[in-house]
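Engineer:
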Amino acid sequence: MENNKEKLEISIITPERIVYHDFADYISIPGSEGVLGVFPRHTPLFTRIVQGEVSIKNDKEYRHLSVAGGFVEVEK
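To convert, count from 1 in the sequence shown and add 235; that's the working numbering.
#1: Run through DSSP, which three-state label would residue 283 get?
#2: Would DSSP call residue 293 helix, strand or coil?
#3: Quick check on the burial criterion: 16 or more other C-beta atoms within 10 angstroms. Buried or exposed for residue 248?
#4: Output the distance between the C-alpha atoms of residue 303 and residue 240, rounded to the nearest integer angstrom.
#5: Return the first residue and the last residue of the beta strand (DSSP E) that residue 241 is part of.
This is the structure in structure tokens:
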């Protein structure tokens with residue numbers, strides 16, 4: 236089993252379903268003040284996201300998802 240202690244647990248949720256749930260090394264999110272990059276151990280925050288592309292890096296692989304807006308919460 237892979238050690239996920241130094242990974243982010245990512246959940247992307249719409250009112251209809253869970254679109255994405257996995258562990259990752261990094262995520263970039265289109266925020267209202269610009270692109271927000273989050274690594275493990277990031278300071279907790281809650282902010283609005285805007286229409287754009289979410290990029291999720293896991294090992295050497297990237298996954299890109301389009302979002303129409305919403306909110307992001309970063310916990311410890």
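Using N, Cα and C, we set each Cβ at its ideal position, and we do this for glycine too. Owing to the predicted nature of the structure, the values given are computational and were not obtained by experimental measurement.
Structural biologist: With the given structure in hand:
#1: strand
#2: strand
#3: exposed
#4: 30 Å
#5: Counting along the chain, residue 241 falls outside any beta strand (DSSP E), and DSSP gives it neither H nor E.
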